[in-house]
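Please read the structure below before turning to the comments.
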Amino acid sequence: MTIESLLFYAFACMAIVSALLLVNIRNTARALFLLFIVLFAMAGLYLFALADFIAITQILVYVGGVLILLIFAFMLSNKELLNDLQSTSKHFISLPNWQALVLAFAFLGVMVYSYISWSQHMPQWIAQSEAKGSIILPTDNNIKALGFKFMTQYVLPFEIISVFLMMALIGAAHVSRKEDDI
Amino acid sequence: MISLTHFLVVSACIFCIGLYAVLAKRNTIMILVGIELMINAAILNFVAFGKYDKINYGGQVFALFAIVLAAASVAVGLALILNVYRHFKTINPQDIHELKD
Amino acid sequence: MGLLSILIFLPLVATLLILAIPSSAKATYKYIALCFTLLQFGISLYLYGNFDAKLGGIEQMDAYQYVEQLAWIRMDLGTVGKLEIDYFIGIDGISLPLIVLSTLVMLMSVGASWNIDKSPKGYFALLMILNMAVMGVFSALDFFLFYVFYEVMLLPLYFLIGIWGGARREYAAIKFFIYTLLGSVLMLLVIVGLYFSVINPATGAHTFNMLHMMNPANYVDGSFFAHITNYHEVFGIPARLIGFIVLFFAFAIKVPIVPLHTWLPDAHVEAPTPVSIILAGVLLKVGGYGIIRVCYSIFPDIAANTNWWLALIGVISIVYGALNALAQKDLKRMIAYSSVSHMGFVLLGIASLTAEGLAGAMFQMVSHGFLSAALFFLVGVLYDRVHDRYIYNFRGLASLMPKYTAYVAIAFFASLGLPGFSAFIGEAFVIIGAFNAESMSTGIPRWMAVGGSIGILLSAAYFLWTLQRMFFGQTRLQGGQAWQEALTDLNTREQVVLFPTVALALLLGIMPSLVFGNLNASVIQLIDLIKPYL
Amino acid sequence: MLLPISPIIASILVMLFPLVASVLQAMLGKKAISGNMALIAILGSTIISLFGVFLPVWNSTSLQQKWEWFTIGDHTLHVGILVNNLTALMQLVVCVIALPVHIYSRAYMKGDSGIHRYWMYLSLFCFAMLGLTVSLNLLQLYIFWELVGFASYLLIGFWFTKETAAQANKKAFLINRIGDLGFLIGIALVYAHCGTLDLATLFNQTGFFKDIDIGLISSIDKNATWVTFAGLAFFLGAMAKSAQFPLHVWLPDAMEGPTSVSSLIHAATMVAAGVFLLCTVFPLFNETVLLIIVIIGTLTALSGALFALGQYDIKKVLAFSTISQLGFMMVGVGIGAWDAAMFHLTTHAFFKCLLFLCAGALIHEMTHWKAKAQLDFDPKDLRHMGGLRRFMPKTFICMVIASLSLAGFPSTSGYLSKDSIVITAYEWASHLGGAYVLIPILLIIISILTAFYIGRLILKVFFGSFKYRSHIKTIKFHEAPKAMLIPMVFLAAASLFPLFGLSLADYHSSWIMQTLDANTIYPTQAQAHLFIPALLTGGAILGWLVGWSWYVKKKYPLSENNRLVHFANKQGYLNEFNESIFVKGTLELSRILYIFDQYMVDGITKFFSWFVRGLSAAVYWFDKYIVDGLVNSFAQATYYIGHLVRHVQNGQLQGYLGFALTIVILGILYLIIT
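Protein chains in written order, with the working numbering: chain S, 376 to 557; chain B, 46 to 146; chain Z, 613 to 1146; chain R, 153 to 826.
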């Protein structure tokens, strides 16, 4: 076993365990901090998929933006949640909602089954690209390649998503304004 | 070299955990967190498959798009949550089942 | 419209009148009822006075008196034949005493109803309908008409017990109703069977005429109830025997015999006093009358063969009823059981198939009619005053209510068969008739007569015990001072009701010919009808 | 003809006077308490009975007249009057006894709050008893027979507030009812076989006195079973009325009534009616029945005498003495010497009535004295009396005469009549021989016992010393009032021999025996006429000497708690036996039957109703859940499906999502499987 795979497993374990803890913990504040760990672990896993820029972005956008936003929203939202914060000390782990659990396991089962059956018959394009040698290698400069691609091949989606992001942010600001302001 | 299946299994786990959070949590913020987990699982898949597409870099590009979209969705989602809370004085999705005022 | 019809339908007029008068004038209802029953009593006395005692009746149509026959329902049923139902009434020596008795008992019961204040309109209207039905039953000679009256009798009684009764009135009313309805429904089957077996010799159509049913010549050959040429069997029992048993069953419930008597104590105990009076005074007699008029006259051949069993039932009823009466603690229930015992004599007398026994049975019916009415009235007097009938709750009433005690003592002694009173004549002649049965070879062994006479002894036991327990000794009452004040002696109205019964008991005890004179011819006629089959 | 009316009309008048008096008394109620009406009525009856009926009829003629009563079937029953030697004698005896009792009652019952009832009942009794004597028809006789029982019931329970009186009259009536049933059965048997109840038709109008073969009864086979049964049935009737063992138990209890009543009804007349009945229907009896009568009579006489020995209640001693004497009369009838029985009945009526009247006087004075002296004791108890001859000398003399008569001392009437029975019994027994000799021997023993117990009574009451002597000085003890003494003296005179015949010793020369000649078939034995009276008298004197030493000299050899004394005092435990066997048994049976009735007979009804209701409930269940259930289950299935789908549409986001994902999973699974 290589160090690479050990690290992979460590990250994977960290992500999964933290995620499990995240969904089972009662205290929302702690859950959000656990989410922070999960996102970090996920970023680590992206690295193993040779997507360094994505990992960086993940940390910047998620940890720096989304998570802060969530925490602020949570802190701002209500005293009911704060009450909840205080009353949760008794039950560190909440009882699972069994229908959801069943459904979740069912999905897991189905997916794992399909991956296993699928791994025997890989799609052709993977084999072809392996054969052509057109796979991303650790030595490749991903950031540069991505920059080119955004500016050339994916320029239209890039612009659309930019506008979309702005619309979403403006919309968010509008929705969350005080009603008195109207 | 980590095989593709490894990534897929891990992403499946995270996805299912996110799914569970979405279905079971009694807190809208946690549902949002669940959605983030699922998006992350998807991003992991994008990235894992993207390794085999050096020509288009589709995997990584769309992973970035997805991250952006997720951020936008969180922003909009939180705005909605705050509004909903202001209206219903709760963020328990089970108590929010009426479309009318 | 003959006198008999007037007698029957006068109460109906009273009913209409009562219904027409608004409730605001409810005080008049009892006077209307009293007037009409008095009128009826007068008519019945007139009938009695103008009755020709030499005519027998039973199966001879021209020996019936005050006969009215009108075509009532005539329907052409095509292949089945013609439906022929007559309005056919008339009386003979068997029905006359009972009609006079009924009018008297009705009068008494109206007298006993004087203080009814729970919806008197309905009460008196129902009472009058009952009155009509009773008169109708005793004078109907068409079986269909008889059945109609017989059924009409049930309904007012059901309501009278069920509405004006005591604590468990619904239970008692339903029990009474179901029991008697069971009997009459079965009777209907036999009536239909008889209808299809008998033809009217004059018109050739099937008929419900009871007198035609009594003549063996009128039976269609091979028909279900055919007399001589009868091959019909049900479960291996001859059809005529079945018919007899079913009819007997229907009337035996009314009598009542042991073990079909259980409706009686309940009905009596729960019924209001006037209804108890009618039940004991008239209703039970319908049973005895039915056995003589229907069972014995239409099925003389079976009657001659089954009288051993009937007498046995009679003896059992006598002794069983008397022993049960001895065990009672409720005065009214005791008298109800004594009725079972006394009506057992009727059955024994009828079954003896001797002139003495039959006449004694008829006499016993008449005597028991007004004596039991008087007894129930006396219980009612006590109950009115303190709302209690429990024998152990009273003691030494004689010092408190001397007149009442005198009437009770006379009624008790009359009922237990003290000579000089009517019950003695009835019971003595039933016993004599039962003894005589062996000489006449009608098949009644003498031990049955002896068994019956034990009933007389037992009746003395329970009546005297009650007398001693309730009336003698030092005055001691359950209710203490309150009762002592409530227990006033008889008032004038009560004495007016009671005195005639006591006087009548004495009169008939001394001059039994008043009853025997009129029914003797009919009794001999009936014996002659049955004799060929012995 | 001493009166210008026929004996028939006269006897009807004799009957009617008391009836009218009774009805009038009933109507007047408390307005007439003197009893004059009853007295006048009985006086009239007595006079008419003596001059209008007895004297014209006695030993000369017999008459009957009947009127149609009612017709039943082919038979017509008559009511009528039969006057012959027997009935005329009986009627006269009743009248002559009733008259002094009426006079006596005026004093004895004075001041009683219910005295108007007393006169009414007494007159009613006289009517019934007088009617009984002259009835022509057996049914008519039965009616009067029960009526006397009814009057006796009323009189025993005269003081009805006393619990013992109320119990006693019930007992008396019920036991008499047993006898009445026997009588009724006898009547029914005679009617069934002879077709008539007319005594004159049955036994000839003179009764059976001279021409036994003329009546209808002569044509029947006397050894037929029904004759035996009918005879026994009649005897059962007589047993209850005349207090024969074991149906005698009512008589001692009947002493709860006023003493005057006891003297008239329960000593002289009514209880003798049984003997009278047996004499009336005597021709009906065959050998078997007669033997049973003799045995029962002897048993009764013996038990009565024995029980009398142990009684302390003065009236009960006399009651048992009556029972014992009635037993003698029964023996007389049983041996065929009904003439002797009637003779003894007559003499017994006088002296026993007198005994009771004397006892009544004693009780009366004791009660008064007790009230004055403010003591509390039972005035009827022998043990509280003693030495009374000094205070009530006239009563003493009367009572001694009556007692001598009862004991059969020569020169009294009792001597004549009792000897006639004992001697005839001896003749009868020696004619038949064998074990029959037991009967006269027993009778002699009983006679001596009789003398002894009546001697005991006299000695205890009149001799010795008064128990409450210390009080006697302050409060005077009176002689009985005149109104009571006169009847007593009259009866005392009637208890001596001259009334019944001039011969002092020969009962055959008595006018009653001369007329009522029973034609006994067995030969007379002269020596019996000598040694039996001698034996009886000697025995009686011996008994009195023993009694003197026992009761006056206080040398009583037995302890009071002796078992034999107890046995006699408790009347042989017969009452207890009856109570526990018959009364309790009947009550228990009735209770069980009622339970049976409630739970079995009515239970069947209830079971049926329960069953029908159960069945209908089952059918309803079937209808509701099976038939209707099919319909409903369709509807319900639809409803549930709808409901299920409705659950999804509950407005909950997570629910929607979960449902959608479930469907997705199912779809994927489907795809995987296919």
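Yeah, the Cβ is synthetic: ideal placement off N, Cα and C, and Gly gets one too.
Quick check on residue i - is its C-beta less than 7 Å from some C-beta in chain S?
| i | result |
| --- | --- |
| ALA120 of chain B | yes |
| ALA124 of chain B | yes |
| ILE76 of chain B | no |
For the candidate residues the options, whose alpha-carbon lies nearest to that of residue i?
| i | options | result |
| --- | --- | --- |
| PHE206 of chain R | R:TYR270, R:PRO159 and R:LEU176 | R:PRO159 |
| LEU965 of chain Z | Z:GLY956, Z:MET955, Z:LEU922 and Z:PHE988 | Z:LEU922 |
| HIS520 of chain R | R:CYS510, R:ALA511 and R:PRO531 | R:PRO531 |
| LEU451 of chain S | S:ALA404, S:PRO513 and S:LEU521 | S:ALA404 |
| SER1071 of chain Z | Z:GLY1055, Z:LEU1030 and Z:GLY1129 | Z:LEU1030 |
| MET752 of chain R | Z:VAL870, Z:PRO886 and Z:THR1104 | Z:VAL870 |
Measuring only the C-alpha atoms, how far is residue i from residue j?
| i | j | result |
| --- | --- | --- |
| LEU782 of chain R | LYS776 of chain R | 9 Å |
| VAL54 of chain B | TYR490 of chain S | 8 Å |
| ASP528 of chain R | TYR746 of chain R | 45 Å |
| LYS362 of chain R | HIS681 of chain R | Bear in mind that a pLDDT of 42 at LYS362 of chain R, under 50, signals an unreliable position, so the model cannot answer this. |
| LEU1009 of chain Z | ILE1136 of chain Z | 47 Å |
| ALA1098 of chain Z | GLY992 of chain Z | 14 Å |
| ALA69 of chain B | LEU397 of chain S | 13 Å |
| ALA916 of chain Z | VAL679 of chain Z | 29 Å |
| PHE759 of chain R | GLY807 of chain R | 58 Å |
| GLY661 of chain Z | ALA1035 of chain Z | 23 Å |
| CYS431 of chain R | LEU351 of chain R | 12 Å |
| LEU753 of chain Z | ASP674 of chain Z | 13 Å |
| TYR273 of chain R | VAL413 of chain R | 10 Å |
| THR738 of chain R | ARG329 of chain R | 15 Å |
| ALA1026 of chain Z | PHE1033 of chain Z | 5 Å |
| GLY933 of chain Z | SER953 of chain Z | 4 Å |
| ARG715 of chain R | ILE889 of chain Z | 56 Å |
| ILE744 of chain R | TYR759 of chain Z | 39 Å |
| GLY614 of chain Z | GLN681 of chain Z | 10 Å |
| PHE91 of chain B | TRP500 of chain S | 15 Å |
Taking 8 Å as the limit between beta carbons, can you name the residues of its chain near residue i, skipping five residues before and five after?
| i | result |
| --- | --- |
| SER275 of chain R | PRO170, LEU171, ALA173, SER174, GLN177, MET189, ALA190, ALA193 and ILE194 |
| PHE428 of chain S | ASN517, ILE518 and LEU521 |
Take residue i and list the residues in its own chain whose beta-carbon comes closer than 7 Å to its own, dropping the five residues that flank it on each side.
| i | result |
| --- | --- |
| MET281 of chain R | VAL246, VAL300, THR421 and MET422 |
| VAL641 of chain R | CYS550 |
| ARG1088 of chain Z | ARG1007 and GLY1008 |
Looking at the C-beta of residue i, does it have a partner C-beta in chain Z at a distance below 7 Å?
| i | result |
| --- | --- |
| TYR343 of chain R | yes |
| PHE325 of chain R | yes |
| LYS322 of chain R | yes |
So, does the CB of residue i fall closer than 7 Å to a CB anywhere in chain R?
| i | result |
| --- | --- |
| LEU478 of chain S | yes |
| LEU68 of chain B | yes |
| VAL485 of chain S | yes |
Between residue i and chain B, is the shortest Cβ-Cβ distance under 7 Å, so that the two count as touching?
| i | result |
| --- | --- |
| TYR490 of chain S | yes |
Return the chain-ordered list of same chain residues with a C-beta closer than 6 Å to the C-beta of residue i, the five sequence neighbours on each side being excluded.
| i | result |
| --- | --- |
| MET544 of chain R | GLU631 |
TODO: Could you please tell me which residues of the stretch 421-433 of chain S, in chain order, have their CB closer than 9 Å to any CB of chain B?
DONE: Per Cβ criterion, the list reads TYR421, PHE423, ALA424, LEU425, ALA426, PHE428, ILE429, ALA430, THR432 and GLN433.
Task: Positions along the stretch 810-826 of chain R whose CB lies within less than 8 Å of some CB in chain S - done: Of all residues in the stretch 810-826 of chain R, GLY810, LEU813, THR814, ILE817, ILE820, LEU821 and ILE824 have a Cβ within less than 8 Å of some Cβ in chain S.
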